[in-house]
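**Student:** Input: one structure, supplied below.
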Amino acid sequence: MSIAVTGSTGHLGRRVIAGLKGATDTPIVALARDPAKGADLGVEVRAFDYDSSGTLAPALEGVETLLLISGSELGERSRQHRAVIEAAKEAGVGRVVYTSVLHAPTSTLALAPEHRETEAALAESGLAHTLLRNGWYTENYAPAVSTAMEHGAVFGAAGRGRISSATRDDFAAAAVAALTRPETEGQVFELAGDESWTMDDLAAELTRQTQREIPYRDMSVEEYAGLLQQSGMPEGMAGMIAGMDAEIARGVLHDDSGDLSRLIGRPTTRLSDWVAAQLS
Ligand SMILES: NC(=O)c1ccc[n+]([C@@H]2O[C@H](COP(=O)([O-])OP(=O)(O)OC[C@H]3O[C@@H](n4cnc5c(N)ncnc54)[C@H](OP(=O)(O)O)[C@@H]3O)[C@@H](O)[C@H]2O)c1
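Given below as structure tokens:
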């Protein structure tokens, strides 16, 4: 019986596969929309496109534990995830671990409803499962750092909202722990960084490390969406990102549960360390 990972060719999936290789002797199966992209993963790769529903159950043959990494096509994910859950049931998968969103039941983020629907589909399926409610990747702020280096300021509409982010490496370590520890069955983890920070803190950290004065320029949602569009982002995406900042300002990404560092057995990556790595 094996452990399988969907989205194995993505940023998070690659890290999970690498982590599993060092953590277990159980055979690992990388499930990939484009198997050629997974040729360098160093484990068995099987074709697995959420949109090819008839092919999903056969690809899960012999899988005991499945990590369902949420898809990247907003608006399509409830249907896609439901197809994967149905296939897992048909194939006799023992447990599904799902990457949801922080505080899914109450989150006001525009992307939360798809995660709520997937959590409900898992509950209805009767499959044993573990919910990893992932907060924000610190890496989401890489463009903000580049912009700050070029234009001398951090821009956003997140006000003083606290962001308990963690790196993809931290979230991948959590997935590895959940996949390799059967006792996490039935558990829900609110995964967020040990440290929470505001956009002012990010600007202050950049100021400290570069020894240049880098302020945070807080804008209205409309102004920020306009700025993102000016920088080449399509209108719909710019509106969505700016709208998420409004939710962040209201605190949707703050969490002090400590679930992530407890699950991975180490502190989460500090913002200052991530910024240093970005700048180097
Ligand atoms: N917590 C956060 O801050 C945050 C930020 C961004 C995204 N996310 C969510 O977390 C997930 C993982 O993050 P990531 O950084 O690894 O994203 P990513 O690099 O975009 O990886 C997404 C993975 O999903 C696969 N995928 C997309 N549509 C698929 C389909 N129809 N069938 C099969 N596989 C499909 C992609 O396959 P290909 O390699 O073929 O494209 C890729 O392997 C994202 O998909 C998204 O749901 C979270």
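Quick note on full-length UniProt numbering: the sequence shown kicks off at 1 and runs consecutively.
A virtual CB, placed ideally from N, CA and C, is assigned to each residue, including glycine.
Owing to the predicted nature of the structure, the values given are computational and were not obtained by experimental measurement.
1) Compute the distance between the beta-carbons of Ala157 and Glu90, then report whether it is under 9 Å.
2) So, at 6 Å on beta carbons, what are the nonlocal neighbours of Leu206 in its own chain, with the 5 sequence-adjacent residues on each side left out?
3) Determine the direct distance from the alpha carbon of Val93 to that of Ile28, and round the result to whole angstroms.
4) Give the range of the alpha helix (DSSP H) segment to which Arg79 is assigned.
5) Between the Cα of Thr130 and the Cα atoms of Glu114, Ala178, Gly161, which residue gives the shortest distance?
6) In whole angstroms, what is the alpha-carbon distance linking Arg116 and Ala249?
7) Compare the Cα-Cα distances from Gly243 to each of His254, Val176, Gly265, Gly159 and report the closest residue.
8) I believe Ala128 touches Leu263 by the beta-carbon criterion, under 8 Å. Please report the beta-carbon distance rounded to the nearest angstrom.
9) Measuring CB to CB, does Tyr137 end up less than 9 Å from Ala112?
10) To which residues of the same chain is Ala246 closer than 7 Å at the C-beta, ignoring the five residues directly before and after it?
11) Among the residues of its own chain, which have a CB less than 7 Å from the CB of Ala88, if the five just before and after it don't count?
12) Just verifying my parser: in three-state terms, what is the DSSP assignment at Asp218?
**Tutor:** According to the structure shown:
1) no
2) Leaving aside the five residues that flank Leu206 on each side, the residues in its chain whose CB is nearer than 6 Å to its CB run, in chain order, Ala148, Ile214.
3) 14 Å
4) 77-91
5) Ala178
6) 22 Å
7) Gly159
8) In fact, because the Cβ distance is near 18 Å, the residues do not count as touching under 8 Å.
9) no
10) Ala157, Val221.
11) Leu60, Leu66, Val96, Leu127
12) strand
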